[in-house]
Amino acid sequence: MDRNGSFPANIADVSSEPDVDGITVIVCSSCRDQTGSDAHPRAGALLAEDTRRAASGENIRIRTVECLGNCKRRLSAALLRDGCWSYVFGDLETTSGADLVAGAKLFATSTDGLIPWRDRPDSLKRGLVARIPPLDMLKD
């Protein structure tokens, strides 16, 4: 854990390509599958690999963390964009990488910094856990 209380992102997961408008997909690599199995690789690591494959050739950063603290919603990931709302999703599958990349592309092209609801893949509609405002938007 970092001094600020967050888990450090795995530097080895940084894409060599520049990010699209600051878009980063963070995947919880320690998430277990619906059975709660401790088997390795964990389901979260498999989701991270699927997301990397889906992002191949795209300028989207894929990073992993050890825990997003969303264990009740199992496989979890977050989408971040500089200066915009951040999104946390749960109830994903090990094969949801293409949905995360599709969401990241929608996020990158959004003019208001929000991911349009109507165009999101179903897993990102059903799995929305939280939307977190950027710090500069807080009122007090």
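All residue numbers for the sequence shown refer to my numbering, where the first residue is 6 and numbers rise by one.
In this text, a Cβ means the ideal position worked out from N, Cα and C, and glycines have one as well.
DSSP three-state assignment for residue i, whether helix, strand or coil
i, result
"LEU73", "coil"
"SER128", "helix"
"ARG136", "strand"
"LEU5", "Nothing can be reported for residue 5, as the shown portion of the chain is limited to 6 through 145."
"LEU85", "strand"
"ARG8", "Note that ARG8 scores a pLDDT of 38, beneath 50, so its modelled location is shaky; the value from the coordinates is reported in the next line. Coil, per DSSP."
Top-ranked residue by Cα proximity to residue i, from the options
i, options, result
"ARG125", "ASP145, ASP141, SER101", "SER101"
"VAL70", "THR116, VAL30, ILE120, PHE112", "VAL30"
"ASN75", "ASP141, LEU143, GLY49", "GLY49"
"LEU80", "ALA44, PRO121, THR99", "THR99"
"ASP141", "PHE112, ALA103, ARG123, CYS89", "CYS89"
"ARG78", "ASP38, ASP145, PRO121", "ASP38"
"SER34", "GLU54, ALA59, ASP145", "GLU54"
"VAL32", "CYS72, PRO46, GLY41", "CYS72"
"ALA83", "LYS144, ASP43, ILE120, HIS45", "ILE120"
"THR116", "ARG86, THR40, ILE67, ALA44", "ARG86"
Buried versus exposed call for residue i [16 or more other C-beta atoms within 10 Å across all chains shown]
i, result
"THR56", "buried"
"ILE137", "exposed"
"SER61", "exposed"
"LEU143", "exposed"
"ARG58", "exposed"
**Q.** Contact between the stretch 120-135 and the stretch 86-102 (3+ Cβ pairs under 8 Å)
**A.** These segments touch.
Q.
With three or more C-beta pairs closer than 8 Å as the rule, is the stretch 101-117 touching the stretch 133-144?
A. Flag = no, the stretch 133-144 and the stretch 101-117 do not touch.
Q. At which residue ranges does the stretch 17-68 contain complete alpha helix (DSSP H) runs of 4 or more residues, listed in the order of the chain?
A. As summarised for the stretch 17-68, the continuous alpha helix (DSSP H) elements at least 4 residues long and confined to that stretch are 48-59, given in chain order.
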